[in-house]
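Take 1 as the starting number for the sequence shown in UniProt numbering and just add one per residue.
Positions of the beta carbon are idealized from the N, C-alpha and C atoms, including for glycine.
Working notes, structure below.
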Amino acid sequence: MSLAGSRRPAPPRKKLTYDKPGLTEDEIDEIREAFNLFDTDGSGTIDPAELKAAMRSLGFETKNPTIFQMIADLDQDGTPIGFEDFLDAITAKLGDRETREGIYKIFALFDDDKTGGISLKNLKRVSKELGETMTEDELREMIERADSDGDGVITPEDFYNIMTKKTFP
């Protein structure tokens, strides 16, 4: 009896997907690309030195105590880090964008001078870091549209309202 005629083709390989509240599929793909860039041997893991480089490529400063602690936590036993752990670490750093706490963590990334507000200077820096080419007038207009009290600075509450689309048209 021949089995040749009864063989079924193998099902197509499914791309591994990760469901992270607050992250879009595109954002997860971007994090995956950064991870894969530093997974030089294709093993599905990156070592702690590669992790530091990957974090820098995503815009995180590894001298930042929070990032240093995150790397130390992941590297407790010196073993390489898989994508799922990497994704968990990124989402823990950013927080869930749907929560007030998560939005304030993102606000803090903009407010690098720790003034408690996002100024034109902060917005210029973020725009440049993201590779966006926006004029100063465009950035000023963004601030004016988001700034509830007209002082030229986006407060944490203004930022929360923008992120939850409560006031930003």
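*Simplified DSSP state of G82, which is helix, strand or coil*: Three-state result, G82: strand.
*Cα-Cα, which of T135, F35, M163 and E136 is closest to A146?*
Per the Cα distances, M163.
*From the DSSP output, in three-state form, read off T45 for me.*
Look at T45 here: in three-state DSSP terms it is strand.
*Three or more beta-carbon pairs under 8 Å between the stretch 147-161 and the stretch 98-114, yes or no?*
The answer is yes - the stretch 98-114 touches the stretch 147-161, with three or more Cβ pairs under 8 Å.
_Excluding the 5 residues flanking F168 on each side, which residues of the same chain have their C-beta closer than 8 Å to its C-beta?_
In this predicted model, F168 has a pLDDT of only 45, less than 50, meaning its place in the structure is not dependable; the value taken from the coordinates is given anyway. Once the five neighbours on either side are set aside, the close Cβ partners of F168 are R145, A146, N161 and I162.
*CB-CB under 8 Å to R7, same chain, minus the five flanking residues each way: which ones, in chain order?*
Annotation note: pLDDT 48 at R7 (below 50); position unreliable, coordinate value reported separately. Around R7: no qualifying Cβ.
*Where the alpha helix (DSSP H) containing D158 begins and where it ends*: That run of the alpha helix (DSSP H) goes P156 to M163.
*Quick one: measure Cβ to Cβ for F86 and F35, integer angstroms, because I've assumed they're closer than 8 Å.*
About 5 Å separates the CB atoms of F86 and F35; that is less than 8 Å, so the two are in contact.
*Just checking my contact of F38 with E50 at CB under 8 Å: how many whole Å lie between their CB atoms?*
Right, the Cβ-Cβ distance comes to about 4 Å (below 8 Å), so this counts as a contact.
*Cβ neighbours of K121 in the same chain (closer than 7 Å, five flanking residues each side left out)*: Cβ neighbours of K121 within its own chain (closer than 7 Å, five residues either side excluded): none.
*Taking all protein chains shown into account, decide if T91 is buried (16 or more other Cβ within 10 angstroms of its Cβ) or exposed.*
Classification of T91: buried, given that the 10 Å Cβ count is 16 or more.
*Would you call L3 buried or exposed, if buried means 16 or more other Cβ atoms sit within 10 Å of its Cβ?*
Confidence is the limiting factor: at L3 the pLDDT is only 49, short of 50, which leaves the residue's position unreliable and the question unanswerable from this model.
*Assuming G44 and G82 make a contact with CB atoms under 8 Å, what is their CB distance in whole Å?*
Between G82 and G44 the Cβ distance is about 6 Å, and since that is below 8 Å, they are a contact.
*asked:* On a Cα-Cα basis, can you pick out the residue from G116, G117 and L139 that is closest to S127?
replied: The alpha carbon of S127 has as its nearest neighbour, out of G116, G117 and L139, the alpha carbon of L139.
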